[in-house]
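Below is one structure, written out as structure tokens; comments come after it.
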Amino acid sequence: MLETFEKKAAFEKRLAEVIVGWPLYRTLKVTGDVLVTVDSYGQRAVPGIELPLEIDRYCETCKQIQRWQLKQPHDQGGFPKTSSEITFIRFDCKNCESGSLLVFLRVRVDEETIVHIVKVGQYPALELNPSPILASAMTRNDLALYRHALTCRNSNFGIGAVAYLRRIVENQINYLLDLIADAAKASDPDSPLLERLSEMKGEKRFSEKIDYAAEMLPKTIRRGGHNPIATLHDLTSEGLHNKSDEECVDIFDRCKLAFEYVIERLKEDHDKDALYQEAMKALARKKAR
Ligand SMILES: [Zn+2]
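Just so you know, we're using this note's numbering here: the sequence shown kicks off at 62 and counts up by one.
Right under this line is the structure:
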């Protein structure tokens, strides 16, 4: 899909997304206000693009999202540019200065001045592991499937990636319904919805279950009016019908984010609540003595 950019800043943001999170070998095709002229010593000027000076990325050393600064290629004044077939790019974490992200970017400008940008290599590799809290909620079997899902996603095999993710969500949905039931119980122990929730655990149709879980999700876990579980409906076969690998990568990224967010938030609340109950019990025992 060809993307048109009216503003350089918007293109810069998109390019940062490609550098940080896009799979290898997925092509970003862009046009609009993106071209610059690149002079290289002793050679004629050629069309190219500007690279972002800074990106946001998770730092393994700092254990959080940090600002990263472009160190290579560097340019005297203005933005570093690239026009060559393959450009080596290095970003360093601005906070710890010990983490580096190395990326090989292939940039080609065709006769119609459309720019084709592909990430053809990176180090360290794209992430294959879930966050510790998500991992603690998954079985060993699901963890293996999760790594397969990300391996497909990171190689731009979106169709395979969503198939694996759907299987994981199917395996986890009863656990998810249990967490939702616990959250519902905490706010109203006699809620008539609780019985329906336990009935739904026996439901065989994936889309029915997802829609029901979405309806029951506590308001505190909805993000700015959006219901993250409803996003998972895209994993049903209607959602995937006739979709390309690249479209499936986008569906996968959206669904993965929603799934992780919901599991992590519900589990955190659940564990905190369990800790609180334990502490209260311990206090009561002390008093009784
Ligand atoms: Zn760092």
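Glycine residues also receive a C-beta, built at the ideal position from the N, C-alpha and C atoms.
- prompt: Does the region 207-227 come within contact of the region 109-124, defined as at least 3 CB pairs closer than 8 angstroms?
  reply: No: the two stretches stay apart, fewer than three of their Cβ pairs being nearer than 8 angstroms.
- request: Pull up the CB-CB distance for Ala222 and Val310, whole angstroms please, since I reckon it's below 8 angstroms.
  value: On the sequence shown, position 161 is the one that residue 222 refers to. On the sequence shown, position 249 is the one that residue 310 refers to. With a Cβ gap of about 7 angstroms, Ala222 and Val310 count as contacting.
Own chain residues within Cβ distance below 6 angstroms of Gly182, not counting five before or after: To locate residue 182, count along the sequence shown from 1; it is residue 121. The answer, listed in chain order, is Phe165.
message: Once the 5 residues before and after Ile234 are set aside, which same chain residues still bring their CB inside 6 angstroms of it?
response: On the sequence shown, position 173 is the one that residue 234 refers to. Excluding residues within five positions, the ones whose Cβ falls inside 6 angstroms are Lys270.
- prompt: Would Ala77 be called buried (16 or more neighbouring beta carbons within 10 Å of its own) or exposed?
  reply: On the sequence shown, residue 77 is found 16 positions in, with the first residue counted as 1. It is buried - the Cβ of Ala77 has at least 16 other Cβ atoms within 10 Å.
- prompt: Which residue comes first and which comes last in the alpha helix (DSSP H) that contains Arg346?
  reply: The residue given as residue 346 occupies position 285 in the sequence shown. Per DSSP, the unbroken alpha helix (DSSP H) holding Arg346 starts and ends at Asp306 to Ala349.
For His294, three-class secondary structure by DSSP: Residue numbering aside, residue 294 sits at position 233 when the sequence shown is read from its first letter. Correct three-state label for His294: helix.
- prompt: Quick one: is Ile147 buried, meaning 16 or more other Cβ sit within 10 Å of its Cβ, or exposed?
  reply: Working through the sequence shown from its first residue, we reach residue 147 at position 86. With fewer than 16 other Cβ atoms within 10 Å, it is exposed.
message: Using a Cβ-based criterion (distance less than 8 angstroms to any ligand heavy atom), does Asn190 qualify as near ligand 1?
response: In the sequence shown, residue 190 corresponds to position 129, counting from 1. No, the beta carbon of Asn190 sits no closer than 8 angstroms to any heavy atom of ligand 1.
- prompt: With distances taken from CA atoms, which of Ala319, Ile282 and Arg284 is nearest Asp295?
  reply: Working through the sequence shown from its first residue, we reach residue 295 at position 234. Ranking the options by Cα distance to Asp295, first place goes to Ala319.
query: What is the DSSP secondary structure of His302, counted as helix, strand or coil?
result: As a first step, residue 302 must be located in the sequence shown, where it is residue number 241. Note: His302 maps to coil in three-state DSSP.
task: On a CA-only basis, which of Met62, Val99 and Gly109 is nearest Arg87? Give me that one, please.
output: On the sequence shown, position 26 is the one that residue 87 refers to. Residue Met62 is the option with its Cα nearest to Arg87.
task: Report, in whole angstroms, the separation of the C-beta atoms of Leu237 and Ala274, which I expect to be a contact under 8 angstroms.
output: Position 176 of the sequence shown, counted from the first residue, corresponds to residue 237. Position 213 of the sequence shown, counted from the first residue, corresponds to residue 274. With 8 angstroms as the limit, Leu237 and Ala274 qualify as a contact, their Cβ atoms being about 6 angstroms apart.
query: When the Cβ atoms of the region 321-335 are set against those of the region 238-245, are three or more pairs found closer than 8 angstroms?
result: They touch, by the three-pair rule.
- prompt: Of all the options Lys280, Asp314 and Phe267, which has the alpha carbon lying nearest to the alpha carbon of Ser298?
  reply: Numbered from its first residue, the sequence shown carries residue 298 at position 237. Ranking the options by Cα distance to Ser298, first place goes to Phe267.
- prompt: Listed by chain order, which residues have C-beta atoms less than 6 angstroms from any heavy atom of ligand 1?
  reply: Residues close to ligand 1 by the beta carbon criterion (under 6 angstroms to any non-hydrogen atom) are, from first to last along the chain, Cys120, Thr122, Cys123, Gln127, Cys154, Asn156, Cys157 and Gly160.
message: Taking its Cβ as the centre, do 16 or more other Cβ atoms sit within 10 Å of Asn217, making it buried, or is it exposed?
response: Position 156 of the sequence shown, counting from 1, holds the residue named residue 217. Buried, by the Cβ-count rule.
- prompt: Is it buried or exposed for Cys157, if we count other Cβ within 10 angstroms and need 16 for buried?
  reply: Numbered from 1 along the sequence shown, position 96 holds the residue referred to as residue 157. Burial is judged here by how many other beta carbons sit within 10 angstroms of a residue's own beta carbon; Cys157 has fewer than 16 and is exposed.
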